[in-house]
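2 protein chains.
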Amino acid sequence: MDNSTSPIVGQSKIRWLINKTSEDWINLAISNPMEILLDHAHCERKAAGVALQLMFRYVSEPGLSEVLSPLAREELEHFERVLSILNARGRHLQKLASPPYGSILAKNICKDEPIRMLDSFLVAGLIEARSHERMTLLSIHSPDLELRDLYADLLKSEARHFGVYWKLADERFDRNILISRLEALARVESDALVEMHKEPRMHS
Amino acid sequence: MDNSTSPIVGQSKIRWLINKTSEDWINLAISNPMEILLDHAHCERKAAGVALQLMFRYVSEPGLSEVLSPLAREELEHFERVLSILNARGRHLQKLASPPYGSILAKNICKDEPIRMLDSFLVAGLIEARSHERMTLLSIHSPDLELRDLYADLLKSEARHFGVYWKLADERFDRNILISRLEALARVESDALVEMHKEPRMHS
Numbered sequence: 182m183d184n185s186t187s188p189i190v191g192q193s194k195i196r197w198l199i200n201k202t203s204e205d206w207i208n209l210a211i212s213n214p215m216e217i218l219l220d221h222a223h224c225e226r227k228a229a230g231v232a233l234q235l236m237f238r239y240v241s242e243p244g245l246s247e248v249l250s251p252l253a254r255e256e257l258e259h260f261e262r263v264l265s266i267l268n269a270r271g272r273h274l275q276k277l278a279s280p281p282y283g284s285i286l287a288k289n290i291c292k293d294e295p296i297r298m299l300d301s302f303l304v305a306g307l308i309e310a311r312s313h314e315r316m317t318l319l320s321i322h323s324p325d326l327e328l329r330d331l332y333a334d335l336l337k338s339e340a341r342h343f344g345v346y347w348k349l350a351d352e353r354f355d356r357n358i359l360i361s362r363l364e365a366l367a368r369v370e371s372d373a374l375v376e377m378h379k380e381p382r383m384h385s
Numbered sequence: 182m183d184n185s186t187s188p189i190v191g192q193s194k195i196r197w198l199i200n201k202t203s204e205d206w207i208n209l210a211i212s213n214p215m216e217i218l219l220d221h222a223h224c225e226r227k228a229a230g231v232a233l234q235l236m237f238r239y240v241s242e243p244g245l246s247e248v249l250s251p252l253a254r255e256e257l258e259h260f261e262r263v264l265s266i267l268n269a270r271g272r273h274l275q276k277l278a279s280p281p282y283g284s285i286l287a288k289n290i291c292k293d294e295p296i297r298m299l300d301s302f303l304v305a306g307l308i309e310a311r312s313h314e315r316m317t318l319l320s321i322h323s324p325d326l327e328l329r330d331l332y333a334d335l336l337k338s339e340a341r342h343f344g345v346y347w348k349l350a351d352e353r354f355d356r357n358i359l360i361s362r363l364e365a366l367a368r369v370e371s372d373a374l375v376e377m378h379k380e381p382r383m384h385s
């Protein structure tokens, strides 16, 4: 696992990602670059949607919109960048069936506040951390130079994004509760990827 | 009415706004600058939400995300700018009861496609046009220099925004249908403001 996906807490390092991505996923992804690119566009669009949804849900939470609005703008910038590569390659955005990953994570968010807020931050952070890990792999293994450059550029800010979600959680919640919820949700996240989804997706 | 809120179509000019904003509204707004500022922050946030919602609903529509994503980013930039003035004046974002304006317009959007898409563009354009008209008034009449500058800056891009919605509609729909729907919705928009909402809001 890339060390940069682990915030340092006191003397120890908190792990976002329990399992590394498999070689099978890398092979599936680099063999289907256009489908991964299309799915990646959707991921950036959805990430902006998640940030905006949290801004809407917790509209009166001081200091929340101040960091989530710039994050949403950055996700939209990434979305536009991926979309322009798709367009340049003769493709438009089109619907794509989602892998079960996102809905498995969403189902594990606690329904009751204030833990719902904590879990929402952590799930958003976990998805950012996994995206960062996989973009790192694509930036190394993709045989397509333009795509390698794209992923290398984007992953710099993706690393900042899970830091944003970590900070939002850490500023508002007891550290022990935070770590216990992160451990539980990180387990769900890694388990959701154990059986690889057959269609090539960022979160297959 | 400010001429810049009227796209020129052939030899004639299409009117977005049927009625001018009253002096009563100007007086209400400049007497309650903080409440208007707070409501304005919400308007920018919601405008970004509308653009994103249309991107989600019409995800496979070629050329739509390409213009709505940068528009959403610009709305978020405006939101952050208003929020930073609020913060500098010791205020946080907080919930504010909405005036009936938005829901009256939403109720008048046709439920069936493809007219639902056309109406959605036109309603978004009408709200942008009204915001532009009112920001113009605030940039002239506000006694607060910082706020005058804020509104003067923001309204430049607001003018572009209703142009974006006009173009999205004009590229996809028959001109006669477009003009007939715009006339009907513009009537709803102006009527919604005839009786002034008692609380100071951008769309009181």
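Chains as they are written, first to last, in the working numbering: chain A, 182 to 385; chain B, 182 to 385. No residue lacks a Cβ here, since even glycine has one placed at the ideal position from N, Cα and C. On a predicted model such as this, the values are computed, not experimentally measured, just so you know.
Say whether chain B places a C-beta atom closer than 8 Å to the C-beta of residue i.
i, result
"A:Asn184", "Confidence is the limiting factor: at A:Asn184 the pLDDT is only 43, short of 50, which leaves the residue's position unreliable and the question unanswerable from this model."
"A:Gly283", "no"
"A:Val231", "no"
"A:Arg254", "yes"
"A:Phe386", "Beyond the ends of chain A as shown, which are 182 and 385, falls residue 386 of chain A; an answer cannot be given."
"A:Val240", "yes"
"A:Pro324", "no"
"A:Arg262", "no"
"A:Leu359", "no"
"A:Leu331", "no"
"A:His273", "yes"
"A:Leu257", "yes"
If you count every other CB in all the chains shown that lies within 10 Å of the CB of residue i, and 16 or more means buried, which is it?
i, result
"B:Glu225", "buried"
"B:Leu326", "exposed"
"A:Arg341", "exposed"
"B:Phe237", "exposed"
"A:Arg270", "exposed"
"B:Glu294", "exposed"
"A:Glu370", "buried"
"A:Ala287", "exposed"
"A:Ala228", "buried"
"B:Ser352", "Strictly speaking, residue 352 of chain B in this sequence is Glu, with Ser absent from that position. Per the 10 Å Cβ criterion, exposed."
"B:Ser241", "exposed"
"B:Ala278", "exposed"
"A:Asp300", "buried"
"A:Asp220", "buried"
"B:Glu255", "buried"
Go to residue i, then tell me how far its alpha helix (DSSP H) extends in each direction, as first and last residue.
i, result
"A:Glu314", "Ile296 to His322"
"A:Ile217", "Pro214 to Arg238"
"A:Trp347", "Leu326 to Asp351"
"B:Phe259", "This sequence places His at residue 259 of chain B; Phe is not what is there. Where B:His259 is concerned, the enclosing alpha helix (DSSP H) stretches over Ser246 to Ala269."
"B:Ala365", "Arg356 to Asp372"
"A:Ser284", "Tyr282 to Lys288"
Less than 8 Å between CB atoms is the rule here; does residue i satisfy it with respect to chain A?
i, result
"B:Val248", "no"
"B:Phe276", "The sequence as given places Lys at residue 276 of chain B; Phe does not occur at that position. So, interface residue."
"B:Pro280", "no"
"B:Glu204", "no"
"B:Arg226", "yes"
"B:Glu294", "no"
"B:Glu352", "no"
"B:His221", "no"
"B:Pro381", "no"
"B:Leu349", "no"
Check whether the Cβ atoms of residue i and residue j sit closer than 8 Å, and answer yes or no.
i, j, result
"A:Leu264", "A:Ala222", "yes"
"A:Pro280", "A:Arg382", "yes"
"A:Ala305", "A:Val231", "yes"
"A:Glu309", "A:Tyr282", "no"
"A:Ile266", "A:Leu331", "yes"
"A:Leu335", "A:His384", "no"
"B:Trp197", "B:Leu319", "no"
"A:Arg262", "A:Leu303", "no"
**Prompt:** Does the region 355-367 of chain A come close enough to the region 255-274 of chain A that 3 or more CB-CB pairs lie under 8 Å?
**Reply:** In this structure the region 255-274 of chain A does not lie against the region 355-367 of chain A, because fewer than three pairs of beta carbons, one per stretch, are closer than 8 Å.
**Stretch pair the region 209-227 of chain B + the region 313-328 of chain B: three plus CB contacts closer than 8 Å** = yes
**Message:** Any contact between the region 201-210 of chain B and the region 238-247 of chain B? By contact I mean 3 or more CB pairs, one from each, below 8 Å.
**Reply:** The region 201-210 of chain B vs the region 238-247 of chain B: no contact.
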